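In what follows, a structure is listed as structure tokens, so that the remarks can point back to it.
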Amino acid sequence: MIALCLGLAGTVWASLPVPAFTLAWTHTIEKVRWEEDYRVTPDGLLLGEARVKGNGAGMEIPADAVLHEGSWHYRRQLPPLQPLRVGRAPEAGDYQLCFAGACHELSEWLGPPSSERPALELWSCAPLSAE
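With mature numbering (1 follows the signal peptide of the UniProt record, and there is no 0) applied, the sequence shown covers -20 to -1, 1 to 111.
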């Protein structure tokens, strides 16, 4: 079995036994929602489809994106990410992890974003064992 690990520099802060998830956030300036779908694989996190509700400063819509139900849908061809690194500052709000039909703030597992931990890494890993 494989899991999604959340942490930094190889230190696991939380482990979720999910095969796939959506990473979602709201752009701090434009207030536009972004979503990226990932599969958790032994080689890393494989990006599938991405969606964005609009464009703005630093938010160019890819040329091959298709507008569907109010969002631009597109795919980027990337190798598996191991890890996927994201910023996580109090001023920017929190990311959401969506899986099994529900979205959850990262703060459910990691506490609120803080200046002491301004970055986060996500990677595929072996699930933490219950002791």
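Note that CB positions come from ideal geometry on N, CA and C, so glycine has one too.
Keep in mind that this is a model prediction, so the values were computed, not measured.
{"Query": "Residue range of the unbroken beta strand (DSSP E) whose run includes residue 104", "Result": "99 to 105"}
{"Query": "Helix, strand or coil at residue 51 [DSSP, three-state]", "Result": "strand"}
{"Query": "Backbone CA spacing between residue 44 and residue 54 [nearest angstrom]", "Result": "7 Å"}
{"Query": "Sequence-distant residues of its chain with Cβ nearer than 6 Å to residue 121 (five each side left out)", "Result": "The structure shown does not extend to residue 121, since the chain is modelled only from -20 to 111, so the question has no answer here."}
{"Query": "Assigned secondary structure, residue 111 (DSSP; H/G/I helix, E/B strand, else coil)", "Result": "A caution first: residue 111 carries a pLDDT of 43, below 50, which makes its placement in the model unreliable, though a value can still be read off. Three-state DSSP puts residue 111 in coil, outside helix and strand."}
{"Query": "Extent of the continuous alpha helix (DSSP H) run through residue 40", "Result": "That residue, residue 40, is in no alpha helix (DSSP H); it is neither H nor E in DSSP."}
{"Query": "For residue 58, the three-state DSSP class (helix, strand or coil)", "Result": "coil"}
{"Query": "DSSP three-state assignment for residue -1, whether helix, strand or coil", "Result": "strand"}
{"Query": "Per-residue burial, residue 76 [other beta carbons within 10 Å of its own, 16 or more giving buried]", "Result": "buried"}
{"Query": "As assigned by DSSP and simplified to three states, the class of residue 90", "Result": "helix"}
{"Query": "Sufficient close CB pairs (3 or more, under 8 Å) joining the segment 82 to 90 to the segment 15 to 29", "Result": "no"}
{"Query": "8 Å contact criterion, which residue 101 and residue 63 should meet: CB distance rounded", "Result": "4 Å"}
{"Query": "Residue 81 versus residue 96 - alpha carbon distance", "Result": "32 Å"}
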